[in-house]
Every structure is written in C-alpha cells, then in structure tokens.
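Numbering-wise, the UniProt record's numbering comes out as the position in the sequence shown, counting from 1, plus 339. Ideal placement from N, C-alpha and C gives every residue a C-beta, glycine not left out.
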Amino acid sequence: PERGTEVLGVADLRKTFGGLVAVDDIGFTVRAGEIVGLIGPNGAGKSTTFNLVTGVMPASAGEVRFLGQPVQGWLSRRIARLGLARTFQHVKLVHGMSVIDNVVIGAHLDGHAGAIQGALRLDRAEEERLFARARAAIARVGLSEYEQTIATELALGQQRLVEIARALAADPVMILLDEPAAGLRHAEKTALADLLRDLRESGIAVLLVEHDMDFVMGLTDRLVVMNFGSELAQGRPAEIQRNPAVLEAYLGS
Ligand code: ADP
Ligand code: MG
C-alpha cells in the first residue's frame, strides 16, 4: 500500500474475561510508513489488544480492518497471510536451532505445529526460496554473520532481532511488536530503533507495545495510551508527554 494509507483500522474493540473488561471500546488506525506506539501501565490491555488484532483470541465486540477488509473472527494464520506479522512479548525461539532455521521454520509455521510436516515436505525449489527469503530478512536486521549460530545463545537484543527477522521473512505489510525493547541494553535499544526506522522508511506499518517511555518518545509518530482497558489519550509523543492524565497513570503505576 502507498505510504499514508490505512493499513490497520480498529474500532470499538472490546474484550471481556468474565467480569473484567480488559479492552474497553478501543479505536485507532495505523498507516503505511508510520510507527505507532501502544503504551500504558501493566495490565492496561495492550497485549490483549495485540491478540485481538492478530486473531490470537476472538474479540467480544468491535471491528478490525486490515487493508480495508474486516478480519475480526478470522484465525491468526489467515490474517497473517494477508501480510500482518507479529513478535511476542516473550521471545519464542526454538532451543538448539540455528538463527537461519529459526527464521525459516518460524516464517513458514506461524507457530502452528501442524505445519511442520508441510515444511518437511517442501520441494527443493520451494525450500530454496524460503531460505533465500530468510537470509534476506536476517541481513536486514544485521545478523548475517550469525546465520549458523544457535539462536538462543545470542544476546537478548540479538534474539529479539531474530524474531523480527522471522516476521520480516513473511514479507509483511505491517509488523506488530510486543515490548521489543524490554530487557535490552542501551546499545541494543539504539540498534532496534534504527531497524524500526528503517522498516518505516520502506513503507511498512509498525505498531509497537512498549513500556519504556524514553524508547517510544524518540521513535514513534503517534501514541495510543491505554489504562485499565480504556483509551486515555492519543497524539504525537510531544503532546502525550505533557498530558496530565498520562503522567498521572504512569506515576501511579
Ligand atoms: P498489558 O499487556 O497492558 O500489561 P494485558 O492485555 O496482558 O495487559 O492484560 C489486561 C488485563 O486482562 C489484565 O487485568 C490481565 O490480568 C487480564 N487478562 C489478560 N489475559 C487474560 C486471560 N487470558 N484471562 C483472563 N484475564 C486476562
Ligand atoms: Mg503485555
């Protein structure tokens, strides 16, 4: 899609767990070539919002549009095939497996075990194509020299980059990242921010959940702030930074 066109549109999105309203009528959009941050204190509903958008769990109500198409109620694999890729809050790399194999398997599987057989039955040409895409994605995140390294032996910041490579190998229109900077050292955060700017530059829509305020302030074009499931504010980082309700929610958490 052309830069500036809506990639993701969320309207009146709601999720209840028993009596708890985890996501309370949230609405926002993400456009091609834009980095949007979804922030808020722990328990605000950020990860749940991600799970609803990506079809990991069904919404109780509301609309999710991806590339103009309503996708609520779709299975995550089907949404992913339209070009929506994601990473998880906790790194999900396969132990004992190289970086390249993690990227190939991850890109092909979407994390669904049933497809392992499918991956093993690939014909030669298809396998070569998958590996070429994986190598390109690994190069894009700057890890080419570690292709054959066991992924879980890398530093945490590099493991996060492997996860992003796995998402990129699917050639997505949009990427969602859940707390990609958590636990990273300063230099690793800088490398991650550079990569995300790079993705934005190439026209990918980026939505990231992040707890680290400093990280999102310097990186995002727009912020959506949640608290107790509800939208607290939306706006440019500079506006959000001096929004009294946002400051209070963060100081009180
Ligand atoms: P955040 O990612 O902003 O920290 P979450 O989306 O993980 O917040 O959680 C929002 C609220 O929903 C929390 O109160 C959490 O305990 C609750 N919650 C999340 N997932 C579930 C679930 N599967 N079952 C019941 N409650 C859940
Ligand atoms: Mg979370």
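Exercise. So does L387 have its beta carbon nearer than 7 Å to some heavy atom of ligand 1?
Worked result: As written in the sequence, residue 387 is Thr, which differs from the Leu given in the question. Yes.
For this session: Could you please give the first and the last residue of the uninterrupted beta strand (DSSP E) stretch that includes G348?
Result: E345 to F356
Exercise. Where does E484 fall in DSSP's three states?
Worked result: helix
Exercise. Which term fits V346, buried or exposed, when burial requires 16 or more other beta carbons within 10 angstroms of its beta carbon?
Worked result: buried
Problem set entry | CB contact flag (G496, L538, <8 Å) | no
For this session: Using only alpha-carbon positions, find the residue among T355, P511 and I378 that is nearest to R416.
Result: P511
For this session: Below 8 Å on the Cβ atoms is my guess for K385 versus L377; work out the distance and round it to an integer in Å.
Result: 5 Å
For this session: Just tell me which of R561, A584, A520 and Y589 has its CA closest to the CA of F427.
Result: A520
Exercise. Quick one: what does DSSP say V392 is sitting in, helix, strand or coil?
Worked result: helix
For this session: Report the three-state DSSP secondary structure of M552 (helix, strand or coil).
Result: helix
Exercise. Taking the DSSP output, what are the residues bridged to V563?
Worked result: L377 and Q573
Problem set entry | Which residues DSSP lists as bridging D517, in chain order | V548
Exercise. Does ligand 1 have a heavy atom nearer than 7 Å to the CB of G382?
Worked result: yes
Exercise. So does D517 have its beta carbon nearer than 7 Å to some heavy atom of ligand 2?
Worked result: yes
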